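Trainee: My questions all concern the structure below.
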Amino acid sequence: MEAAADDLLAALSSPSSRAGLHSRFAAYLQPFSPHLPAANPNPKPPPKGATKQSKQQQQPPPPPPDAAALRPLAKRFLPFLCRALQILPPLLCPNPSAGGDAAGLDELLEIYGLTLDCLAAISTCLAGKPYSVLLQRGRFVCCLESRGHYARAEAEAAATLDALRCALSPPTAAKPSRGAASVAPLLPEPGIAGEAGADPEVTTLAVELTVCLANCASKGKVKEDACYERVRNLVEQLRPWLR
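In terms of the working numbering, the sequence shown opens at residue 105 and continues consecutively.
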């Protein structure tokens, strides 16, 4: 990897180097900009303890992938992204001794989100499971919840579940869900999900996201019934996956 990449990766594990580190990562990963969601792909997390239970604001989708442009990005940046995604989750695990470094840990969360967006941008160039990036996204959601960013964790969990459903469902069945209170299927039946229907990682991801949504509602003291109804529906739809 380039020397600049090595320096950035080393800075992740150094609390004294975290101030402004997200900006340095964003500058290094700037070639991904045309392929990231157009409307601020990684907004700053809302205040701790905040939550929301309303329809998410729709963001314009990114332009269609340009394979010719993505392949060089994948070749250049994939080792860097993979290494960053190995380093970040342990640094964000709950640790009472790190309580005084809240700003630094939130900086790491922003970097985590950015690297996931970049990995998703080149996912069509990667071999392996078509939902592998979503498995990574599930870890990010758990980190958001553990850091107390309940509104963003709720939004990310719902979006990841929707993306998982679309990835596993036949094209005719993979229409996006509308709103948090939707009673439409939030997970496909394992029987129509192909090999993924027997993949324990998919089941674990769905369970973790459901638990995250329940925790965000409880810890965020959500009063709207729709949030709890969604969790109840998810628990019912998880049953076939747990057999």
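Backbone N, C-alpha and C fix where the C-beta goes; we use that ideal spot for every residue, glycine too.
Quick caveat: nothing in here was measured; it's all calculated off a predicted structure.
Which first and last residues belong to the alpha helix (DSSP H) in which Q341 is found?
Mentor: Start and end: D329 to L342.
Trainee: Among E293, L238 and S273, which one has its Cα closest to the Cα of E340?
Mentor: With distances taken between Cα atoms, E340 lies closest to E293.
Trainee: Look at the alpha carbon of R256 and the alpha carbon of G295, and state the distance between them as a whole number of angstroms.
Mentor: Roughly 31 Å between the two C-alpha positions.
Trainee: Could you give the C-beta distance for F136 and A225, rounded to a whole number, given that I count them as a contact under 8 Å?
Mentor: Right, the Cβ-Cβ distance comes to about 6 Å (below 8 Å), so this counts as a contact.
Trainee: Using 10 angstroms around the beta-carbon of A206, count the other beta-carbons present and answer buried if the total reaches 16, otherwise exposed.
Mentor: Exposed, since its Cβ has fewer than 16 Cβ neighbours within 10 Å.
Trainee: Assign V237 to one of three DSSP states: helix, strand, or coil.
Mentor: Of the three classes helix, strand and coil, the one that applies to V237 here is helix, per DSSP.
Trainee: Indicate whether the contact test is met: 3 or more Cβ pairs, each with one atom in the stretch 170-186 and one in the stretch 250-267, closer than 8 Å.
Mentor: With the cut-off at 8 Å, the stretch 170-186 and the stretch 250-267 do not touch.
Trainee: Inspect the beta-carbon positions of C229 and L140 and report whether they are closer than 9 Å.
Mentor: In this structure, L140 does not lie closer than 9 Å to C229 by Cβ.
Trainee: Would you call the CB atoms of R243 and P183 closer than 9 Å?
Mentor: No. Outside cutoff.
Trainee: Do the CB positions of V245 and T219 come within less than 9 Å of each other?
Mentor: No, these two residues do not count as a Cβ contact at 9 Å.
Trainee: Does the beta-carbon of P147 have 16 or more other beta-carbons within 10 angstroms, so that it is buried, or is it exposed?
Mentor: Its pLDDT being 44, under 50, P147 is placed unreliably in this model, and the coordinates cannot settle the point.
Trainee: Can you give the beta carbon distance from E305 to L346, rounded, assuming they're within the 8 Å contact cut?
Mentor: Rounded, the Cβ-Cβ distance is 14 Å, inconsistent with contact.
Trainee: In the structure shown, what three-state DSSP assignment does S273 receive?
Mentor: Residue state, collapsed to three classes: coil.
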